[in-house]
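UniProt numbering puts the first residue of the sequence shown at 197, with every later residue one more than the last. Each residue gets a CB set at the ideal place from its N, CA and C atoms; glycine is no exception. Following: one structure in structure tokens, then a few remarks.
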Amino acid sequence: VWTPANIAEQLVGGVRDRIGAGRAICGLSGGVDSAVAAALVQRAIGDRLTCVFVDHGLLRQGEREQVQQDFVAATGAKLVTVDAVQTFVTELAGVSDPEEKRKIIGREFIRSFESAVADLADGGVDFLVQGTLYPDVVESGGGTGTANIKSHHNVGGLPDDLEFQLVEPLRLLFKDEVRAVGRELGLPEEIVGRQPFPGPGLAIRIVGEVTPDRLATLRRADAIAREELTAAGLDQQIWQCPVVLLADVRSVGVQGDGRTYGHPIVLRPVSSEDAMTADWSRLPYDVLERISTRITNEVAEVNRVVLDVTSKPPGTIEWE
Ligand code: XMP
């Protein structure tokens with residue numbers, strides 16, 4: 197019988213057999229898949245698993261804490277955090293092209309990950325855990341795949357000379373099954389119920405150059421939108437809602453007793469089954485109004501909030 201409990205038990209047993217007395221590492225992205233994969237492997241081999249989380253400074257408000265506190269509290273996993281904020285900011289300076297941003301982020305992510313692995317005091321890592329799901333396996337042609345960091349699968353992979361054996365405990369599961377297994381393993385709803393978030397993070401939601409100030413602006417606007425969507429009980433109804441800063445666009449506004457010349461924020465709420473196609477979500481006007489009022493009141497650099505009403509195709513979900 198398919199129950200989350202016996203699936204989890206079976207997967208844990210499989211991982212235990214596979215890894216034996218070996219050691220493993222797992223890159224955590226903050227997303228659901230890598231968190232559940234890591235929790236399973238932790239259950240199987242305890243602290244012979246080391247989780248690595250790269251903070252590239254392109255995360256949303258509270259994400260680093262979520263991984264460091266909630267994930268660790270729920271699993272007891274050994275976690276190494278690489279603080280790479282300064283490196284990413286420096287490497288991204290002056291870059292506006294979306295593909296160029298992805299390339300830089302992919303490259304720097306791998307460097308940070310490698311340096312964390314090289315630093316592991318207990319050395320001798322044989323296995324790399326990935327949160328590959330069944331749809332990923334199908335999409336990549338059913339092969340065993342290369343050693344990619346799942347959340348960054350389309351921004352770059354690990355180099356060939358990193359010779360780990362792959363452990364992919366979720367390769368036969370769909371997203372909703374992964375969530376059920378995650379709940380079974382005691383992961384909190386903030387982690388298992390999370391909406392998709394791209395590996396390159398907020399960098400591809402700033403149209404224009406990525407700077408620390410712009411990241412701070414977008415992070416505040418995004419936190420407000422998420423808070424209001426959650427408060428309105430809409431998290432389950434929408435697939436995800438990118439919040440985008442048009443950093444190179446300004447428009448005139450009036451606020452308090454004066455003229456403003458600020459940036460627009462775009463709300464991109466979508467409904468979707470698999471992100472291959474999507475429709476724009478018909479959010480209630482009162483929720484949109486609250487988000488708009490709060491963002492323009494609370495985020496100084498933003499004086500206009502606009503709604504993206506484009507389906508995919510022709511639009512993509514993300515703006516970059
Ligand atoms: P698009 O924008 O292509 O997005 O309609 C489809 C889904 O993929 C996510 N996305 C990414 N995820 N790295 C990722 O890990 C990326 O470079 C990337 N680009 C888009 C997006 O959030 C949506 O869920």
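As far as DSSP is concerned, I241 takes part in no beta bridge. Taking 3 residues as the shortest admissible run, the segment 363-447 contains the following complete beta strand (DSSP E) segments, listed from N- to C-terminal end: 439-442.
By alpha-carbon distance to R219, the top candidate from S225, V325 and P294 is V325. Q432 is classed as exposed because its beta carbon has fewer than 16 other beta carbons within 10 Å across all chains shown. Under the three-state reduction of DSSP, S467 is assigned to strand. Q265 sits away from F323, with the two beta carbons spaced by 8 Å or more. A distance criterion of 7 Å places the beta-carbon of G223 beyond contact range of the ligand XMP, judged by its closest non-hydrogen atom. Out of T456, I461 and V208, the CA that lies nearest to the CA of V403 is found in I461.
Of the residues assessed, Q206 falls on the exposed side of the cut-off, its CB having fewer than 16 other CB atoms within 10 angstroms. Listed as beta-bridge partners of G223 by DSSP are V248. Secondary-structure assignment with DSSP links K508 through a beta bridge to A474. The closest heavy atom of the ligand XMP lies 7 Å or more from the beta carbon of T506. Pairwise C-beta distances place the segment 485-500 out of contact with the segment 375-383, as fewer than three of them are shorter than 8 Å. The three-state secondary structure of Q206, taken from DSSP, is helix. Assigned with DSSP and collapsed to three states, V334 falls in helix. Inter-residue distance for V439 and A419 is about 9 Å (C-alpha atoms, whole angstroms). DSSP lists no beta-bridge partner residue for L484. Taking S308 as reference, the option from G327, T277 and I400 with the minimal CA-CA separation is T277. Per DSSP, T199 lies in no alpha helix (DSSP H) and is assigned neither H nor E.
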